[in-house]
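Residue numbering for the sequence shown follows the working numbering, beginning at 79 and increasing consecutively.
In this text, a Cβ means the ideal position worked out from N, Cα and C, and glycines have one as well.
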Amino acid sequence: MRAPIARGTWAELAYVILGAPLALLGVAYVLVCGLLGAGLAITALGIPILAMAIPAARWFGRIRRALVRTLLGESVPAPAAFHAGQGLFARTSAGLRDTTGWRAVAYLMAGLPVTLLGLSAVVVTWAWGLIALTYPLQHALGVNQLTARDADGVIRHGFLLGGLVLDTYPRLLLVSVGGVVLLLLAPWAVRAVVLLDRLLVRSLLGPDGAAQRIADLRRTRALAVDDAAATLRRIERDLHDGVQASLVALGMNLTMIAETLGGDASETTRSLLTTAQTTAKDAIRELRNVVRSIHPPALDDGLDTAIATLIARGPIPVSLHMDITQRPSPAIETIAYFCVAELFTNVIKHSGADHATVEISQRDGHLRVRVSDNGHGGAHLDGGTGLRGLLDRAATVDGTIDLVSPPAGPTVVTINLPAQP
79 MRAPIARGTW AELAYVILGA PLALLGVAYV LVCGLLGAGL AITALGIPIL AMAIPAARWF
139 GRIRRALVRT LLGESVPAPA AFHAGQGLFA RTSAGLRDTT GWRAVAYLMA GLPVTLLGLS
199 AVVVTWAWGL IALTYPLQHA LGVNQLTARD ADGVIRHGFL LGGLVLDTYP RLLLVSVGGV
259 VLLLLAPWAV RAVVLLDRLL VRSLLGPDGA AQRIADLRRT RALAVDDAAA TLRRIERDLH
319 DGVQASLVAL GMNLTMIAET LGGDASETTR SLLTTAQTTA KDAIRELRNV VRSIHPPALD
379 DGLDTAIATL IARGPIPVSL HMDITQRPSP AIETIAYFCV AELFTNVIKH SGADHATVEI
439 SQRDGHLRVR VSDNGHGGAH LDGGTGLRGL LDRAATVDGT IDLVSPPAGP TVVTINLPAQ
499 P
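So this is what it looks like as structure tokens:
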């Protein structure tokens, strides 16, 4: 009985009324873009226009979700963002394969019948209910009356229902009672239509199950990658600050023992001390190499500093070009560094090049690493474990490797990594 005056009832009524022009605009958008794309299909513009129109349909989805959140109090999660890629072909391909955009288009087409059904429910229940409820007042004011003759030929003025003229007070009261019934039914009729629209919004404008599962897996993998990087960093710190310091102290103690004994020590004792000192120095050297292979200390100052330090130790000149606007995550920096280190080692050992170029740039949330040389070429991913290992390392964060190495050279290796795992 209280449904007609409940706050949710008025919110659902406002949702139906405000959603009507949005639904009409959405259908018009789909029709115009479809006709325009089909009309220009014989030219080079038809497919790109369609590829741009599909992701743009997400805009209607955002407005509809905002309307649902504001008026109905339901928060529908937004689907994954659209990544267009670089270049016309990449943008066109991404637009045509945008399943979220296609689902938004499907909602725009399926939402129109639901909107019309909702408007019909509003008119039949709310509008006619108010008219019927207030009809005695309208009759007293001479409003909304029709003129007809009854069975006796008498001219009568009132609301006409079939062949019955409602002009007497009992009949007027009956109309008012009918209006009350319609008003009591109105919230439930509109709510049924809104419920159908809710289902469409959840299934077509929210994240689909497969995409959500993929996003969850990527998020879990990113946490695992970051945790592994943090663990390696902690191990590097422990080795550097703990084990390495202990070995250095051991070497110093052995040196002090040798100096203290001086000439009083036997030949065997001096030989053992010398061997122990040499072993300690070798252990420190090997430990430093292990620490450097886990996490190069230069990475603490950023990828640009680490790469510059790496190529400065090389035997051939290297041109370095860095364009990083925002520092990547530690895991991505580590992967990029070791990829450059492996490629630089291959250039020195196998390419026969006398010059190399390292380019690192950041675009659209991705880090691109490109290493090229003027060597004899002929490299391929199946040629050894080094390049194959790079492919496996990049694949852990959905990175890709592109190798161009004709027999006469030059060799260009491009690695694309996400800025965040």
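- When the alpha-carbon of G173 is set against those of A184, I426, L109, F160, the nearest one is in F160.
- Under the three-state reduction of DSSP, R276 is assigned to helix.
- The alpha helix (DSSP H) runs of length 4 or more contained entirely in the stretch 410-449 do not exist; there are none.
- Residues L351 of the same chain have their beta carbon placed closer than 8 angstroms to that of I335, with the five preceding and five following residues left out of the count.
- Looking only at F167, V202, V154, S349, the smallest Cα-Cα distance to W266 is reached by V202.
- Where L495 is concerned, the enclosing beta strand (DSSP E) starts and stops at 489-496.
- Counting only residues of its own chain and dropping the five nearest sequence neighbours on each side, L100 has a CB closer than 8 angstroms to the CB of F138, I141, R142, L145.
- T474 carries a coil assignment under DSSP once its states are collapsed to helix, strand and coil.
- Judged by DSSP secondary structure, L398 falls outside any alpha helix (DSSP H) and instead within the beta strand (DSSP E) spanning 396-401.
- Rounded to whole angstroms, G112 and R181 show a C-alpha spacing of 15 angstroms.
- Relative to the Cα of L481, the nearest Cα in the group N494, L381, D382 belongs to N494.
- By the Cβ-count criterion, P133 is buried, with 16 or more other Cβ atoms from all chains shown falling within 10 Å of its own Cβ.
- In this chain, L282 is not harboured by any alpha helix (DSSP H), its DSSP state being neither H nor E.
- Excluding residues up to 5 positions away in sequence, F422, I426 lie with their Cβ nearer than 7 angstroms to the Cβ of G392 in the same chain.
- Remark: fewer than three beta-carbon pairs, one from each stretch, lie closer than 8 angstroms, so the stretch 379-395 and the stretch 465-472 are not flagged as touching.
- Around the C-beta of D476, fewer than 16 other C-beta atoms lie within 10 Å, and the residue is accordingly described as exposed.
- In the DSSP assignment, P155 falls outside any alpha helix (DSSP H), carrying neither H nor E.
- In this model, T403 and E411 are separated by some 14 angstroms (Cα to Cα).
- Within its own chain, the residues whose Cβ lies closer than 6 angstroms to the Cβ of D275, once the five positions on either side in sequence are excluded, are V192, listed in chain order.
- Residue burial annotation: A457 is buried, with at least 16 other C-beta atoms found within 10 angstroms of its C-beta.
- When L190, W206, L250, V200 are compared, the shortest CA-CA separation from L215 is found for L250.
- For the pair A210 and G257, the CB atoms are nearer than the 8 angstroms cut-off.
- Secondary structure of D451 (DSSP, three-state): strand.
- Closest in alpha carbon position to A264, among D286, L208, L282, is L208.
- In the three-state DSSP reduction, L481 falls in the strand class (E or B).
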